[in-house]
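Residue numbers (my numbering): 28 to 323.
We treat Cβ as the ideally placed atom computed from N, Cα and C, and that holds for glycine.
I have placed the structure first, in the form of structure tokens, so that the comments after it can refer back to it.
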Amino acid sequence: MKIGVCGTGRMGSSIVQRLMSVGHEVGVWNRNSAKTKPLIDGGAKLFASPAELVEGCDVVIVILLNDAATEAVYRGSNGILKSNLAGKLVIDMSTVRPDTMKSIGTSVAQQGAAFVECPVGGSTGPAREGKLFGFVGGAKVDVIRAMPVLEQLCRRVEHIGELGSGATMKLAVNLPLLVYWQALGEALTICKPLNLPADRLIDILSDTAGTPTAMKGRGAAIARVLGGSPMGETTFGVSAAKKDLATAVQFGASIHAELPVTESALACFEEAEAAGLGDADATAVSVRWAQRLTRS
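Right under this line is the structure:
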């Protein structure tokens, strides 16, 4: 199958690698074409615009940074909506506001294409292995059409409801994890008087009821950084996490839901980004908080 991937950041690139590994012919487009070079070297085909990507592929997967990028890529002069969409399948995996998914999806459907939203849980490793968790929104007939592709990318796919429901669920899924990274930093600060080695401290905290599954993969890396080693690979960056928290706060306000803990965590992520950690892994927020108070 000819599948196009629009947006080749960390997650988009990992999805491209997965699709190629299971035998698909993959085309790519990214605003910064330099980011596509490793994928082109690996066998992907570069397209000059989102519109050309649609024209050259049967299915297009869109995974972009935020709502502004989404609007530009769909509605721009060489955007997806400027192509011949009739008969195409568009799967949008971006984490954006539910109303953005509804608006974009409606515009795509009006031009004769099937549109499914499927923001995903998981980071770059699970993306390369086809072990993401897909939160799907869209018409049942379109979801059925998309399932063969989604099942190659996801260990679990849940059809939540109509367009916008997948985006809502993704915001809900990300929220407690990102709040946890800030809470972990605060927990580390009150453990300072114990003078425990970082690896032992993280091991104890990891084996408790309040710890998320993500600590299984990130706990050892956090301990190494606390012990003085450099930060390792970024699987989900501080800036991307900050964007997701901000999106959750915006959506909460739109439905008159109060999110005071999320708002506080957002402020801490904004502070970390302003300190130059935007490209660092989101767990850098935990480390930064603990080390900042240690030095004070």
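Residue i and residue j closer than 7 Å at C-beta
i      : j      : result
Thr122 : Asp306 : no
Gly164 : Leu180 : no
Phe74  : Leu66  : no
Ala78  : Lys115 : no
Asn111 : Ser76  : no
Gly22  : Ser313 : A question about residue 22 goes unanswered here, because the residues of the chain that appear run from 28 up to 323.
Val100 : Val206 : no
Glu290 : Val276 : yes
Thr97  : Thr63  : no
Val170 : Val200 : no
Met242 : Ala311 : no
Ala233 : Gly254 : The identity of residue 233 in the sequence shown is Ser, whereas the question assumes Ala. No. Outside cutoff.
Ser41  : Arg182 : no
Gly132 : Cys145 : no
Nonlocal neighbours in the same chain, by C-beta distance under 7 Å from residue i, ignoring five residues either side
i      : result
Cys218 : Leu228
Gly34  : Asn57, Val89, Ile90, Leu91
Ser192 : Gly164
Phe278 : Arg124, Pro125, Leu198
Arg102 : Leu108
Cβ shell of residue i (< 8 Å), same chain only, five flanking positions each side left out
i      : result
Arg322 : Because Arg322 carries a pLDDT of 46, less than 50, the predicted location of this residue cannot be relied on, and no value is offered for it.
Arg315 : Gly212, Ala299, Ala302, Leu304
Asn239 : In the sequence under discussion, the amino acid at residue 239 is Pro, which differs from the Asn named in the question. Pro203, Leu204, Tyr207.
Ala113 : Gln138, Gly139, Ala140
Gly31  : Val53, Gly54, Val55, Trp56, Phe74, Leu80, Val81, Gly83, Cys84, Val86, Val87, Ile88
Asp94  : Val123, Arg124, Thr127, Thr274
Ala214 : Leu232
For residue i, the first and last residue of its enclosing beta strand (DSSP E)
i      : result
Glu185 : 181-188
Ile88  : 86-89
Ile30  : 29-33
Ile67  : Unbroken run through Ile67 is the alpha helix (DSSP H), 64-68; no beta strand (DSSP E).
Asp119 : 116-119
Gly161 : 159-164
Ala141 : 141-144
Endpoints, the alpha helix (DSSP H) within which residue i is located
i      : result
Ile231 : 225-233
Ala241 : 241-253
Val200 : 192-217
Gly152 : 151-156
Glu52  : Element bounds for Glu52: not the alpha helix (DSSP H) but the beta strand (DSSP E), 52-56.
Leu46  : 37-48
Ala96  : 94-102
Asp126 : 125-137
Sequence-distant residues of its chain with Cβ nearer than 6 Å to residue i (five each side left out)
i      : result
Lys129 : Leu190, Gly191
Asp226 : Ala250
Whole-angstrom C-beta distance between residue j and residue i, which should lie under 8 Å
i      : j      : result
Met38  : Thr151 : 6 Å
Val53  : Ala71  : 5 Å
Ala273 : Gln209 : Their Cβ separation, rounded to whole angstroms, is 14 Å, which puts Ala273 and Gln209 out of contact at 8 Å.
Ile118 : Ala173 : 5 Å
Thr216 : Ala294 : The pair is not a contact, with the Cβ atoms about 17 Å apart (cut-off 8 Å).
Ala309 : Ala268 : 4 Å
Neighbour flag for residue i against chain D, beta carbons, 7 Å
i     : result
Cys33 : Any reference to chain D falls outside this structure, which holds one protein chain only.
query = What beta strand (DSSP E) runs, 3 residues minimum, are completely inside the stretch 265-298?
reply = none
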